[in-house]
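One structure below.
In full-length UniProt numbering, the protein residues as written are 1 to 446.
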């Protein structure tokens, strides 16, 4: 799923320092590529964070299918925890042990390209990707206008709301504008006679990246703003749109509609939060946690400042690309085309319906890809209606910035958001601090 933990960065000047520990931790023996004798198959290594559970099983299925039907090229999967993934990519590259196929979080793509880790997609594959995916997914998999891989998991952000809590407050539909969002948040907030909050109207939470940065950037995009400038050299959050978002969040906290110290992943399913902005992967978790009470959950587009404003939100994602160190790039790209672009029949859908293996894989794990046609086929008319707003958002979402230093810039933004929400900084101070710190980070040589 989309990452929620902070991930560190590793520049080239830190490679050697990190080598022994990272190689020991990940067991990085050089992948077997065959003995070189005639008839010996090529073995491609695919490195991802799908290390356990449903995602590991979902990926292994098509890999086993490929290996059973292809004699000349075989694929072997390796996995590490997400928190170690970026470091592992960089360290193995420095050691000359890079995997053939990489599955990075798209936020890191600029850093990986700058470090010479990712190979640009050949023209025929780049055309495949540009034709087959939505604009946000293609943007996530591109650096400087050049495509570097096939988008896999794509997450868009929308507004989750508790229909029962809204009805109890006399509200019959989810908010569409920021004014309605505030009014709904205040009306659904509940306190006991001692002033203790029983229900938060809007769930601002310092729990992880998604609940802080993800939610804030979704609102920023909805206001027409951006986190990073078009040239990737500075932050753009200290703008009228950025100020409007910070002002909104500050008011919600100060006026008691939000309690940032609460874990919304627990509070929302237990009916203690009326609304929260989050990504589409959460629907599957909520179903499992809430059981029949999942019927209380609704999803709507992220509210916009004014009723006639154009919709926008945040998208995050991963992609599969080929390492520059791979001795078999042509074979690696062919496997990726088979996995991500070749259509196969879908038994659970209407007769004759088809979808890619990757889309089928992601839907089986409760996620989505950026192929809107596949998602409509796989989700179907009888699918969870709460997924529809996330699918619609593929057409207007804005991808995370993927310039070099984007991960550290995101971490700095999170610290300043938390300082704002917890009363350590004013809106002005948070904007100034974010601009100063992020601009300094973006100006570093990578």
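Every residue gets a Cβ at the ideal spot worked out from N, C-alpha and C, and that includes glycine.
Who are the Cβ neighbours of residue 73 in its own chain at under 6 Å, not counting the five residues just before and after it? These residues qualify, in order along the chain: 42 and 331.
- Using a C-beta cutoff of 8 Å, does residue 298 count as contacting chain B? Included in the structure is just one protein chain, with no chain B present.
Rounding to the nearest angstrom, what Cα-Cα distance links residue 122 and residue 307 in this structure?
Straight through space, the alpha carbons of residue 307 and residue 122 are spaced by roughly 43 Å.
Query raised in the report: If you draw a straight line from the alpha carbon of residue 448 to that of residue 59, how long is it in whole angstroms?
Result: Since the displayed the chain opens at 1 and closes at 446, residue 448 lies outside it and no answer follows.
- Sufficient close CB pairs (3 or more, under 8 Å) joining the stretch 335 to 344 to the stretch 172 to 188: Output reads no: the stretch 172 to 188 does not touch the stretch 335 to 344.
**Item:** N-terminal and C-terminal residue of the alpha helix (DSSP H) that residue 365 is part of
**Value:** Premise fails: residue 365 is in no alpha helix (DSSP H) and is neither H nor E.
**Prompt:** Which of the three DSSP states, helix, strand or coil, is assigned to residue 318?
**Reply:** Here residue 318 sits in strand by DSSP.
In whole angstroms, give me the CA-to-CA distance for residue 110 and residue 145. Answer to the nearest angstrom: the Cα atoms are 11 Å apart.
#### Entry: Rounded C-alpha distance that separates residue 254 from residue 362
Approximately 40 Å between the Cα atoms of the pair.
query = Touching or not, the stretch 403 to 412 and the stretch 432 to 444, by the rule of three or more beta carbon pairs under 8 Å?
reply = Below 8 Å, enough C-beta pairs join the stretch 403 to 412 and the stretch 432 to 444 to call them touching: three or more.
Quiz item: Would you report the Cα separation of residue 93 and residue 427, rounded to the nearest angstrom?
Solution: Their backbone Cα atoms lie some 42 Å apart in a straight line.
Selection from 311, 266 and 54 that minimises the alpha carbon distance to residue 221: From the listed residues 311, 266 and 54, the smallest Cα separation to residue 221 is found for 311.
I'd like to know whether the C-beta atoms of residue 44 and residue 128 end up nearer to each other than 8 Å. Result no, Cβ atoms of residue 44 and residue 128 do not sit closer than 8 Å.
Is the stretch 148 to 163 touching the stretch 111 to 121 in the sense that three or more CB pairs, one from each, lie closer than 8 Å? Output reads yes: the stretch 148 to 163 touches the stretch 111 to 121.
DSSP three-state label for residue 433, please.
The DSSP-derived three-state label of residue 433 is helix.
query: Would DSSP call residue 302 helix, strand or coil?
result: Coil.
key: Cβ-Cβ separation, residue 200 to residue 258 (assumed contact under 8 Å), whole Å   = Indeed they touch by this definition, with Cβ atoms about 6 Å apart.
Are the Cβ atoms of residue 421 and residue 303 separated by less than 8 Å?
Not in contact: residue 421 and residue 303 (Cβ atoms no closer than 8 Å).
Which class does residue 264 belong to by DSSP, given the choice of helix, strand or coil?
-> Reduced to three states, the DSSP call for residue 264 is helix.
Q) Nearest to residue 325 by CA position, among 389, 385, 115 and 270, is which residue? A) Per the Cα distances, 115.
query = With distances taken between CB atoms, is the gap from residue 508 to residue 140 smaller than 8 Å?
reply = There is no way to answer for residue 508, as the model of the chain reaches only from 1 to 446.
From residue 54 to residue 345, what does the alpha carbon distance come to, in whole angstroms? Looking at the two C-alpha atoms, the distance is approximately 22 Å.
So is residue 194 buried or exposed if we call it buried at 16+ other beta carbons inside 10 Å? Residue 194 is exposed by the Cβ-count criterion.
Query - Buried or exposed by the 16-neighbour rule on C-beta atoms within 10 Å, applied to residue 196 - result: Around the beta-carbon of residue 196, fewer than 16 other beta-carbon atoms lie within 10 Å, marking it exposed.
- Specify whether the stretch 289 to 299 and the stretch 386 to 397 touch according to this definition: at least 3 beta carbon pairs, one from each stretch, less than 8 Å apart. The stretch 289 to 299, when compared against the stretch 386 to 397, does touch it at the 8 Å Cβ threshold.
- [ ] Classify residue 297 as helix, strand or coil using the three-state DSSP reduction.
- [x] If DSSP states are grouped into helix, strand and coil, residue 297 belongs with the strands.
- Query: Near residue 435, which residues of its chain fall below 6 Å by C-beta distance, leaving aside the five closest residues on each side in sequence?
  - Reply: Leaving aside the five residues that flank residue 435 on each side, the residues in its chain whose CB is nearer than 6 Å to its CB run, in chain order, 235 and 238.
Secondary structure, beta strand (DSSP E): runs of 3+ residues fully inside the stretch 26 to 111 | Listed in chain order, the complete beta strand (DSSP E) runs (minimum 3 residues) inside the stretch 26 to 111 are 42 to 48 and 73 to 79.
Practice item. Note down, in chain order, each residue of its chain lying with its Cβ closer than 6 Å to the Cβ of residue 355, except the 5 sequence neighbours on either side. Key: Correct list, in chain order: 346, 374, 377 and 378.
Practice task
Please name the residue, chosen from 289, 162, 294 and 336, that lies closest to residue 277 on a Cα-to-Cα basis.
Solution key: Distance check between residue 277 and each of 289, 162, 294 and 336 places 162 closest, using alpha-carbon atoms only.
Fill in: Among 166, 351 and 217, the one whose alpha carbon lies nearest that of residue 158
Closest by alpha carbon: 217.
Checklist entry - How is residue 269 classed by DSSP in three states: helix, strand or coil? => result In this structure, residue 269 counts as coil in the three-state DSSP scheme.
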